[in-house]
Amino acid sequence: MLTIATGNKAVAAAVKELSPDVIAAYPITPQTEIVEQIAEYVTSKELDSRYIPVESEHSAMAACIGASITGARTFTATSSHGLLYMHEMVNWAAGARLPIVMANVNRALGPGWNVWAEHTDAFQERDTGWLQVYVSTVQEAYDTTLMAFRIAEHADVLLPVMVNLDGFLLSHSMQSLDTLKPGDFVPPLHLPHAIDVANPAGYGTLTGPEEHFKFRWEIEQSMRRSRKVIAETEKDFADRFGRSYSVAEEYRFEDADVAVIAMGTLGKEAEVAVDLLRNEGVKAGSLRVRWLRPFPDLDLAGRDIVVIDRDYSFGSGGIIAHSLMARSRIEPYSVIAGLGGQEVTYDDIAGFVRDRRPGSELWFGVSGNV
Amino acid sequence: MTEIPKEEYVLKCTSACAGCPSSLILRYVLKAAGPDTVLVVPACCTSVIQGIYPNTALNVPVYNVAFASAAACASGMTEAFQKAGKKTNVIVYAGDGGTVDIGIQALSGAFERETDFLYICYDNEAYGNTGMQRSGSTPIGARTTTTPGGKTHAKKDLDAIVDAHNPSYLATACASYPLDLFKKVQKALSLRGSKFIHVLAPCPPGWRFSSEMTVEMGKLAVKSGLWILYEREFGKVTINGPSKAAMIKPVPLEDYLSGQGRFKGIDQKAIDALKSQSELRAKHLQKEADGIC
Ligand SMILES: Cc1ncc(C[n+]2csc(CCOP(=O)(O)OP(=O)(O)O)c2C)c(N)n1
Ligand code: SF4
Ligand SMILES: [Mg+2]
C-alpha cells in the first residue's frame, strides 16, 4: 500500500508486520517516534506484542535478551546515548547468540548535548558481534527492517542485527512508502538454544579460555556466513517485492575514474553530486556502503576514492576510510564531514571530488587538508 | 517575614516553554542557594532550558551530565570540593525520569554514602525533554505518548524510596508555593549529609493545560490532597500549612483532574486508585506527624 511516512514510522510499520513477541524500549530523541508508534499500535491492538516500557536502555536490551532466550522474536530501538548506555547488554546479546533486531537512529554523542546525525554512536558498537546495516530512504528503512529479522533469525547467522538510520535527516523526513505483506518471507523463529525446562542447561556459565576462544570464533564464522544469507535475503526480497538492495549500492560506478564512498543519507546525497560532476565532464561514481558488519569486500582498484566519514576514531582516523584502507588496500582522500549534524550538500560533496588529495584527510569546514 | 533575595540566577533568556514550572522552581532554588553553588543536571528539560552554547541562561556553573549519572557525578564533585576545603553547594537538579527511572541506582548509592549534597527532583510526571512519554512517576490514568490509553500502573513512591536511605532532610514542595520551597532549600543547605526535595512541577504542554494556569494547577494538586507538602527532619514529620488545610477540607480531586488534558477519559477505577493512594499517604504522614507510628 502506498502511503507517506517518516523513517521512524516506516521502521515501526515493518515491525508491526512481523509482530515480535516482546518489544522493550526507551525513548530518546530522535528515535522516540518509533517507541511512541509501537505503543500506539499495541494500545489499539493493531500489534499483538508484549510491550515493556522499561526504565533505561540497559534494561531495554536486558529485557530483550531475557525474552529472546526463550525463543521469542524481539525488537528494540534506540539512539546515541541510549545505545551507549546499553553497551554492556549489546555485547551480551551477540555473545549469547540472540537474533534481536534493533533500530538505531544515528545521533552524535555528548558532551555537549547534540541531537543531530552522526554515525559515531553505532560505530562504537561495531566490534560487539552485531550485524549493522545503514539505510538512506524511508522505503529502505522499511524494507531493511523486514530483512533484518530474517537475516538475524537465520540458522546460519543467529546474531543480532542493528538497522541504522540518520537522525532527523531520515528519521523525521517524510517520503513515500510502499508497505507490503511479508507473508512467509520471514519464517517463524526457531532458536535452537532456547531455554527448555525439559532439557535443562546452564547459560553463560563460567567458561575457561579455550571454550571462550572457541565461542568467539563461532561468532566470526557466523559473521562470515551472514554474507551469503544477506545476499540470498536481498535477492529473495527483490524477487518477491521488486525492490533490490545490495551490500554496497553502486551509482554510475562501473566506468568511474573517481568514486565517492559514504553511508546513509550522505551516500544518497553523493549520487546527486555524481550527476553534477558527470555534467561537468568528470567521470564520477559513488558507492553507498549499506552493511558495516560484516564489512564488504569491495573492488576499488584503478580509480581515485573519496571516502566521507560521518564519524571518527580519535588518534586513528575516519572509520570507513581506515576499514577500506585495510580491506581494499587503497589510499583514499578521507573527508570527515557531517559530525553533529553539520549540513553537507551535494555541492560540498562535488567540491570534495574536485579538490581531492588522495592520502590526506580533511575535516570539512574545520581544518584544511592534514 | 523571609526576604527572598533580588539576585536572579535564572536569566531572562531561557528556552523554556511558556509557563514552565522547571525554570520557576530553579529560580527560587538558586535564590536560596546563592552564588557559591554548582548545579549538576542530567538530561532533562533543564538541559534545554539553559539555551544553546556558547550562551547559558543560568548564572551559576552548571555541569550537564549523562542521564543516569547525576547523583554519582555530584558525589565526586562534593568529595573534591571538600578535599579542597571548599564549602560550595552541590545541587543535583533532575527531572523525575532521571530520578525514579534511569538515575535511581546513582541516587541510591549517593544517599547510602551520606554524600553531603542536595538532590532536587522536579517532577513533571513524564519525560518532558523527549516530548512527554511515561515515566515511573506518571500517575495512574494519565495519558502520555507511550501510554495513549492512560497509564495502567501507579506512580512510584519516590519519597518512600529516598526515606529508606535515612537522609538528613527530606521535603516535598510545589512550584506554586515558592516561599515554602525557598525556605526548604535554605534549611536543606544548612544541614550536613544527603538532602532531598521533591518538587511537583505542573507542566502545561505535558499535562495539557494552558500556560497561565501553572500556579493554579499546582495549588489544586495540593488543595485536593493529591500532593502533600511536608518535611522530614531527624525522623520527625511536619505537614506544612496548605496541606494541613487540605487534610481537613480538600477540594474535589475532580477539580484537579478535569483541568488537564492528560486525564481526559480517565476511568473511575483509576480515579479511585488515585484517591485511595493519596488518602493512604495522608494517613501515614498524619500518623508520623502525630508521632504515633
Ligand atoms: C541514556 C539516555 N537515554 C535516553 C536519553 C533521552 N532523554 C533525554 S532527557 C529524557 C527524559 C527526561 O525526563 P525527566 O527526567 O522526567 O526530565 P524532564 O525532561 O521531564 O524535565 C530522555 C528520555 C538520554 N539522554 N540518555
Ligand atoms: S515541557 Fe514542561 S517542564 Fe519541560 S520546558 Fe516545557 S513547560 Fe518546562
Ligand atoms: Mg519529567
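Chains as they are written, first to last, in this note's numbering: chain Z, 19 to 388; chain U, 7 to 299.
Glycine residues also receive a C-beta, built at the ideal position from the N, C-alpha and C atoms.
It should be emphasised that the depicted structure is a prediction, and the values quoted were computed from it without experimental measurement.
Where residue i sits in the DSSP three-state scheme
i, result
"R238(U)", "strand"
"W131(Z)", "coil"
"S331(Z)", "strand"
"N109(Z)", "helix"
"D275(Z)", "coil"
"G303(Z)", "strand"
"I323(Z)", "strand"
"L116(Z)", "coil"
"L149(Z)", "strand"
"V71(U)", "strand"
"Q56(U)", "coil"
"I245(U)", "strand"
"Q283(U)", "helix"
"Q139(U)", "strand"
"Y364(Z)", "helix"
"V353(Z)", "strand"
"C209(U)", "coil"
"G6(U)", "No statement about residue 6(U) is possible, as the shown extent of chain U runs from 7 to 299 and does not include it."
"F215(U)", "coil"
"S230(U)", "coil"
"K275(U)", "helix"
"S37(Z)", "coil"
"H340(Z)", "helix"
"Y103(Z)", "helix"
"Y160(Z)", "helix"
Residue i - partner residues in DSSP beta bridges
i, result
"Y183(Z)", "With the sequence shown as reference, residue 183(Z) is identified as Leu, and Tyr is not the correct amino acid for it. L183(Z) is bridged to V123(Z)."
"T21(Z)", "L195(Z)"
"H204(U)", "C127(U), T178(U)"
"Y99(U)", "I126(U)"
"N387(Z)", "L380(Z)"
"I70(Z)", "A42(Z)"
"A280(Z)", "R306(Z)"
"N61(U)", "None, per the DSSP bridge assignment."
"R311(Z)", "Q150(Z)"
"Y133(U)", "Q139(U)"
Burial state of residue i (16 or more Cβ within 10 Å)
i, result
"N135(U)", "buried"
"P4(U)", "Outside the shown range of chain U, which is 7 to 299, sits residue 4(U), and nothing can be said about it."
"W233(U)", "buried"
"Y221(Z)", "exposed"
"P48(U)", "buried"
"V108(Z)", "buried"
"I254(U)", "exposed"
"T226(Z)", "As written in the sequence, residue 226(Z) is Gly, which differs from the Thr given in the question. It is exposed - the Cβ of G226(Z) has fewer than 16 other Cβ atoms within 10 Å."
"L32(U)", "buried"
"T22(Z)", "According to the sequence provided, residue 22(Z) is Ile. The question's Thr does not apply to it. Flag for I22(Z) reads exposed."
"Q55(Z)", "buried"
"S230(U)", "buried"
"M79(Z)", "buried"
"W134(Z)", "buried"
"K190(U)", "buried"
"C127(U)", "buried"
Start and end residues, alpha helix (DSSP H) containing residue i
i, result
"Q360(Z)", "Here Q360(Z) belongs to no alpha helix (DSSP H), and DSSP marks it neither H nor E."
"E267(Z)", "Premise fails: E267(Z) lies in the beta strand (DSSP E), 266–269, not in any alpha helix (DSSP H)."
"T51(Z)", "Looking at the sequence shown, residue 51(Z) is not Thr but Glu. Unbroken alpha helix (DSSP H) run through E51(Z): 50–61."
"L185(U)", "184–196"
"K232(Z)", "227–259"
"P27(U)", "27–39"
"S21(U)", "Element bounds for S21(U): n/a, residue is neither H nor E."
"A221(Z)", "The sequence shown places Tyr at residue 221(Z), rather than the Ala named in the question. Element bounds for Y221(Z): n/a, residue is neither H nor E."
"I108(U)", "Note, I108(U): premise wrong, no alpha helix (DSSP H); not H, not E."
"S77(Z)", "75–86"
"L263(U)", "259–264"
"F203(Z)", "It is not in any alpha helix (DSSP H) - F203(Z) carries neither H nor E in the DSSP assignment."
"F141(Z)", "138–141"
"T84(U)", "76–89"
Span of the beta strand (DSSP E), counted from its first residue to its last, around residue i
i, result
"A95(Z)", "92–96"
"T43(U)", "43–48"
"I41(Z)", "40–42"
"L380(Z)", "379–381"
"L176(Z)", "Taken as a continuous stretch (DSSP letters only), L176(Z) belongs to no beta strand (DSSP E), as it is neither H nor E."
Going along the chain, which unbroken runs of the beta strand (DSSP E) with 3 or more residues stay wholly within the segment 143–178 of chain U? none
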